[in-house]
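Working notes, beginning with the structure itself.
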Amino acid sequence: MDQTGIKIEDLHLSFGETQVLRGVNLDIRPGEFFAFLGPSGSGKSTLLRAIAGFGPTPQGRILIGDRDVVGLDPWKRNVGMVFQSYALWPHMSVRDNVGFGLRERRVPAKQIRDRVDAALDLVGLAHLADRMPNQLSGGQQQRIALARTVVVEPEVLLLDEPLSNLDASLRVQMRRELLHLQRKLGLTTIFVTHDQEEANTTSDRMAVLDGGVIQQIGTPQELYDRPANLFVANFLGTANIFEGRVEIDGDVARFHTKTGEVLTIPASGNLDGSNVVLRPQNISMTQAPEQDALKGEVLHREFLGSQIRYLVKVAGAEIVVDQSHSAGRDWFDPGAQVHLVANTSSAVIL
Amino acid sequence: MNLKHLFFSSLAATALAGGTAVAEGSITVITSFPDSMTGPIEAAFEAAHPEYDLEVLNKKTSAGVKYIQEIASDNTADIFWASAPDAFEVLKSDGMLDQVQIASEGIPDMIGAYPLNDPDGYYFGFAGAGYGIMWNERYLKANDLEPAREWAELADPKYHGHVGMSAPSRSGTTHLTVETVLQGDGWDDGWAKWKWIAGNFSTVTERSFGVPDGVNTGSFGLGIVIDFFGFSSKASGFPVDFAYPTITALVPANVAVVKNAPNQQGAIAFVEFLLTPEGQSVLLDPAIMRLPVNPASYANAPEGFPNPFEDSTIGASVKFDVEKSGARYNLVNSMFDVMITYRLDDLRSAVNAIQKAEMKHADGDNAEAKALIAEARGLIEANPIDEATSLDPDFAAIFTKKRRTASDTVEGRQAEVEQEWDAMVVENYRRARELAEQAAAL
Amino acid sequence: MPSTNRSTPGVSAGIADRLPKWLVPNLSGLNMVALFIALLLIGLLLVPVAQVMIVAFQDPATGAATLQNFLDFFRTSLFRESFWNSFYVSAMSVVVATAIALPLAYITTRFHFAGSVLIQSLGFIPLIMPPFVGAVAMQLIFGRNGTVNLLLRDYLGFDIPFMEGLNGVILVQSIHYFPFILINLSASLRNIDRSMEEAAQNLGSHGMRLFRRIVFPLAMPGYIAGAALVFIKVFDDLGTPLLLNVNNMLAPQAYLRISSIGISDPMGYVISVILVVFSVLSLWASFLFMRGKDYATVQKGGGGMAKRNLKPAEKMLAYGVVIFILLLVLTPHIGLTLLSFGTIWSFAPLPDGYTLQNYVTMWEGSKSFIMNTLLYAGIAATADVILGTAIAYIVLRTNIFGRKGLDYLATAALAVPGVVLGIGYLRTFHSVDVPFVGEPLASWWVVIALALMIRRLPYALRACMAALQQVSLALEEAAESLGATKKRTIYKIVVPLMKGGLLAGFVTSFATAAVELSATIMLVSSNQDAPLAYGIYLFMQTPSGRGAGAALGVVAVLLVAAGTLASQVIIERDKKAKASADMH
């Protein structure tokens with residue numbers, strides 16, 4: 001199958017006075033599973049809908065393959081979209097739902113039958129062909145919606161929060177199925193989600209959006225380990241952020257926080273910035289004083305299974321610290337006096 | 001009447017009395033006349049007799065009769081005031097009316113061929129009304145037509161689709177007109193005349209007012225209406241006029257004092273006022289326009305207003321037989337509806353076909369066509385029953401039966417009879433049209 | 001709620017507790033309310049209608065039970081024809097009403113279109129004019145010698161028989177009743193999740209195909225609800241065919257027979273039975289069709305229909321269509337207004353001159369009509385909303401035995417022609433005296449309000465049901481968990497949350513009751529008890545009163561429109577308040 005890439009150039013879009021997308025640039029490679037991640041209102045769904053042709057006409061270019069689709073009616077784009085609500089038509093049977101796009105394309109009836117059967121087979125629901133949508137469970141509806149979209153062999157597949165209406169265990173299973181299906185079909189796919197775990201587990205690369213602007217593009221690891229800005233750092237996982245300044249002393253870089261702590265940081269990375277980001281798992285916590293340790297008091301403790309998360313008050317700041325947990329290991333109670341040591345090799349200056 | 005009823009009625013009477021300023025001066029009038037008529041008369045009466053206060057209770061004639069019968073044991077009504085003489089006959093025979101002496105001057109005994117007052121003095125005619133033809137001047141001009149002044153003229157082909165009339169089953173006065181023609185021309189000729197006229201109908205209106213309304217707005221050009229509708233339309237400024245045909249009946253509208261009237265004196269004063277020149281002149285109010293019964297009042301009438309006391313041709317040619325009319329009242333209504341109202345489309349197209357055929361063979365040279373047309377005309381004119389049957393009380397009873405008790409029985413069902421008639425009429429009209437079309441093709 | 005009667009110790013050890021249990025049936029307040037409503041509906045709807053229907057099953061000669069009358073009905077060609085005509089007129093009215101309502105609903109719900117709100121409000125106006133008044137005005141404009149045909153004949157040499165025979169009935173009825181379709185269809189269209197439509201576009205569908213295959217089928221429940229209402233209303237309506245002098249339909253036949261021949265001819269009653277049965281069947285069929293098709297509640301996800309911007313050419317076309325339709329449906333109002341300001345209007349495209357005299361005449365003679373209307377329609381609509389809320393609550397939130405029956409019974413009032421109800425009331429209540437009034441109930445003015453209340457209950461009930469369905473059960477449970485009694489929960493939580501819907505129900509009941517004539521014409525016993533519609537009718541029965549009648553008609557329309565608009569504003573504000581509450 002020919003795979004199609006998507007290129008977005010300087011895309012602007014507004015709803016009336018409200019600017020929703022402000023200069024989006026993006027290059028999605030053919031066959032890639034790409035995620036748009038961002039909080040609600042970040043413009044990720046709007047961007048997806050703009051690719052599909054819904055909503056106000058944007059300024060800029062959206063290239064699907066080499067075709068600029070801006071201003072093109074949605075029904076002329078051959079872009080497959082799966083909606084958050086699945087949007088199965090309640091007045092049509094499963095078979096009619098799945099066959100709809102083929103009928104619109106004037107495919108002969110015999111072929112429609114075969115292709116619908118194949119698509120239903122693909123999602124493993126061939127036996128439900130004659131049901132009505134309201135007789136299906138959420139997961140089944142999700143699969144039918146997917147079958148309905150892929151049966152027309154779109155150039156790209158757009159998934160708008162496809163898992164948000166499923167319960168937790170089903171969500172995990174479905175995201176694997178989705179990925180499996182995508183790999184099998186080799187379809188260039190964009191997946192919109194506000195759930196970083198979903199984005200992390202499925203996507204080859206992802207874009208984090210906020211305020212209508214792409215904050216960072218990269219693989220999940222890149223974004224987590226090397227966030228480009230505070231927003232990304234905060235949005236992906238939990239981060240301790242200290243304001244202050246970097247001082248370079250020969251080959252040693254030190255970060256002086258406003259509250260007076262000093263952290264030695266690797267001099268090899270970016271040193272231009274006034275914040276330092278420390279992930280909770282990169283801070284260790286002991287009762288005994290250690291060198292360079294920050295003294296603090298445990299305020300709060302949460303048991304997360306594999307980890308225990310502490311909120312520790314240090315001088316003027318509160319720091320989140322994750323300690324891995326295994327059976328028999330001691331923990332600190334709120335009020336305990338502790339010492340924190342940062343593994344600053346993973347610290348990021350922003 | 002039980003005690004409870006008595007108690008509540010008197011309670012209501014007290015409440016009513018308490019609500020009006022001068023209790024002894026209040027006169028309660030039960031009437032079927034519209035506000036537009038009672039209003040000016042009430043105003044004139046109260047102006048002439050400030051000591052009295054007129055309380056008007058508007059009820060349909062039949063409901064008014066019923067009302068007076070219901071409250072008889074503790075009567076609160078003083079005056080019954082309506083058109084239909086038969087309603088007064090009913091009340092009179094039930095002993096609900098008072099025989100009073102009314103002082104009046106210059107009122108003749110007859111209007112047209114109809115006696116004005118009850119010979120026994122129970123009720124009094126205060127105005128006259130008769131049926132005639134009303135037309136819209138603009139409409140006729142636009143269609144290049146002359147007004148028709150006789151019933152027979154309305155059957156002329158040039159009026160095809162231009163005539164409107166109400167159904168006798170819907171309007172007592174229309175029934176009177178239908179019956180007048182049946183009596184004036186005879187049963188068969190009378191019905192034939194109605195059917196030929198009906199062949200020119202634009203519509204049969206459901207309400208009697210639908211006819212003057214239609215003429216006023218110009219929906220159709222000519223209408224068969226009661227005179228005061230014509231006069232008051234004209235007086236309201238509509239471009240319409242009215243004429244009495246030779247065969248018409250003038251009937252009085254009446255007023256009576258109710259027996260045991262709480263305010264008998266006031267009641268008499270009201271009746272007397274109606275008959276004074278003053279009271280009579282109110283009848284010429286543009287919204288009323290009924291024929292006064294006091295010949296002197298015509299002095300003030302507008303130009304062209306007819307005066308039956310001078311023009312003896314109005315309503316004089318038919319001696320209206322009330323008994324005959326009463327005996328077949330419902331039957332005539334039903335026949336009119338079956339033959340005309342409900343089958344107007346069939347009748348109209350048959351008559352139109354005949355009119356066209358006659359037009360084509362106006363010279364009368366083609367014998368075959370003439371025969372076909374004659375046969376077609378015969379089919380239109382055929383009646384399902386003859387006059388003798390119409391007057392057969394057993395047959396008429398099918399249409400009037402009233403079951404008072406469970407043991408009463410009546411033979412035959414109206415629906416059955418009407419279906420027979422309907423089948424005959426529909427077939428005749430269809431066949432007549434066919435024949436006329438054959439004739440026209442010759 | 002069998003436990004409600006158990007009083008808390010120490011709070012009230014009333015007499016009921018000391019009496020043996022069997023003396024005090026274990027009925028809660030709600031049970032009592034349900035019982036009361038049931039009795040009310042039986043007394044004011046079932047019994048009177050049965051009184052009318054029973055005559056149809058009696059041998060006119062002997063009074064014995066028989067089906068002969070029905071045989072006669074089907075054997076009589078006139079009745080068969082009338083039945084067919086009624087059916088034809090109703091079906092065609094649905095078609096024409098759809099042709100009017102569909103573009104309006106589609107354009108206003110699917111596109112960014114300036115004036116959508118105005119169109120939706122104007123679309124409601126035809127409902128609040130008595131149909132017979134509309135017919136008078138329509139005759140003046142579209143009649144054989146009305147404005148349009150006079151002009152056509154003068155300038156183009158032909159005319160169009162808009163108002164001839166059944167055509168006239170169809171035209172007047174569709175213009176009067178199309179708002180039922182407009183309102184229901186618009187609501188349905190708005191409730192369609194926009195992703196339903198986008199999914200189809202995404203798969204290559206657009207334009208008419210998209211509308212035909214996706215949008216319209218999804219709006220079908222609303223459409224069917226509206227269309228069924230139009231069908232039944234037209235099938236039962238009496239005033240319009242009578243005023244247009246069309247006799248060969250069922251309702252006029254029933255009326256003509258009952259009012260001119262009386263009880264001795266059972267055919268009028270047979271026709272009444274057939275009207276009622278046929279209407280109930282139509283209602284039932286529409287319910288059957290809609291069962292399981294309430295798509296709005298199945299759909300998840302946010303947002304109604306996606307509104308699209310129109311291209312300039314499309315915009316021109318849309319405005320053209322909308323203006324044409326609005327002109328058409330407002331013809332009765334335009335005609336009425338001209339008539340009310342006109343001097344003489346006879347065989348001419350427009351009145352001869354203009355005057356204010358008609359309003360003066362009208363004002364002098366009709367204050368009581370206006371007051372009566374406000375009183376009757378006010379009582380009827382208030383009672384409807386109270387009954388509607390109670391029935392809705394009982395049906396949706398309790399498991400009282402026979403609660404569905406209440407719903408069906410109240411809704412069945414839709415299927416009872418006004419004339420039948422009017423005759424039934426006369427029959428039933430003529431011998432019932434009202435204490436302290438000394439009149440039979442049948443001629444007491446309150447009976448008019450009661451008839452209006454029963455006739456409009458179905459509208460209010462639907463509105464209340466819809467309003468209650470939108471109040472989440474959780475909100476009630478929250479109140480109860482905080483210690484509120486059932487009664488206080490209903491009073492403090494449920495009713496306030498239903499406010500918008502209740503108001504909508506009140507307005508629909510009030511507005512349509514204010515212009516009702518078919519039942520009231522049978523029940524008005526004296527002019528001082530007469531409501532507006534009857535007053536217009538009286539005015540229009542004299543040549544000089546046409547203008548004044550029209551003036552009163554204009555006042556009626558303005559009065560009801562003002563009320564409707566005011567409550568619309570309140571409903572909108574309420575909606576906005578709720579919407580903003582949802583956001584935060």
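Chains as they are written, first to last, in the UniProt record's numbering: chain A, 1 to 350; chain B, 1 to 442; chain C, 1 to 584.
Ideal Cβ positions, reconstructed from N, Cα and C, are used throughout, including at glycine.
Nearest to residue i (by Cα), restricted to the options the options
i      : options                           : result
L122/C : L565/C, Q201/C, G222/C and D159/C : L565/C
A315/A : D272/A, T257/A and L136/A         : T257/A
N229/A : I265/A, T193/A, D272/A and V252/A : D272/A
F191/A : V252/A, V70/A, R95/A and L157/A   : L157/A
M165/B : P40/B, T203/B, L116/B and A367/B  : T203/B
K295/A : D330/A, T286/A, R301/A and F303/A : T286/A
F369/C : S93/C, A135/C and I536/C          : I536/C
S346/C : N136/B, T38/B and G112/B          : N136/B
H333/C : I400/C, A562/C and G553/C         : G553/C
G41/A  : F54/A, Q19/A, Q59/A and N275/A    : Q19/A
A556/C : D193/C, P266/C, A383/C and T337/C : T337/C
Three-state secondary structure assigned by DSSP to residue i
i      : result
I190/A : strand
A327/B : helix
L291/B : strand
F111/C : strand
R170/B : coil
K233/C : helix
D322/A : strand
D241/B : strand
R254/A : strand
Spatial neighbours of residue i in its chain, beta-carbon cut-off 6 Å, leaving aside the 5 residues before and after
i      : result
E381/B : A192
A21/B  : Note that A21/B scores a pLDDT of 37, beneath 50, so its modelled location is shaky and nothing firm can be said.
T177/B : Y131
K300/C : Because the pLDDT of K300/C is 42, which lies under 50, any placement of that residue in the model is unreliable, and the number read from its coordinates should be weighed accordingly. Result list for K300/C: empty, nothing under 6 Å.
Spatial neighbours of residue i in its chain, beta-carbon cut-off 8 Å, leaving aside the 5 residues before and after
i      : result
L356/C : F341
E358/B : P157 and I373
E153/B : Y159
R175/A : L163, E198, T201 and T202
R397/C : L468, L473 and E476
Same chain only: Cβ atoms within 7 Å of residue i, ignoring 5 sequence neighbours per side
i      : result
R348/B : G199 and F201
N85/C  : L166, N248 and M249
Y114/B : A249, L250, V251, P252 and F320
Supposed close pair residue i, residue j - CB separation, criterion 8 Å
i      : j      : result
Y244/B : P306/B : 6 Å
N343/A : N282/A : 4 Å
Q419/B : T76/C  : 4 Å
- request: Please confirm if the segment 43 to 59 of chain B is in contact with the segment 84 to 94 of chain B, defined as three or more CB-CB distances below 8 Å between the two stretches.
  value: no
- prompt: Do three or more CB pairs link the segment 118 to 133 of chain A to the segment 225 to 234 of chain C at distances below 8 Å?
  reply: no
- request: Give a yes or no on contact between the segment 478 to 497 of chain C and the segment 404 to 412 of chain C, applying the rule of three or more CB pairs nearer than 8 Å.
  value: Contact between the segment 478 to 497 of chain C and the segment 404 to 412 of chain C is absent, because fewer than three Cβ pairs lie under 8 Å.
message: Would the segment 115 to 125 of chain B count as touching the segment 229 to 244 of chain B if we require 3 or more Cβ pairs under 8 Å?
response: Using a C-beta cut-off of 8 Å, the segment 115 to 125 of chain B makes no contact with the segment 229 to 244 of chain B, since fewer than three inter-stretch Cβ pairs fall below that distance.
field: At least 3 beta-carbon pairs within less than 8 Å: the segment 77 to 92 of chain A vs the segment 143 to 152 of chain A
entry: yes
query: With a cut-off of 8 Å, do at least 3 Cβ pairs link the segment 332 to 346 of chain B to the segment 253 to 270 of chain B?
result: no
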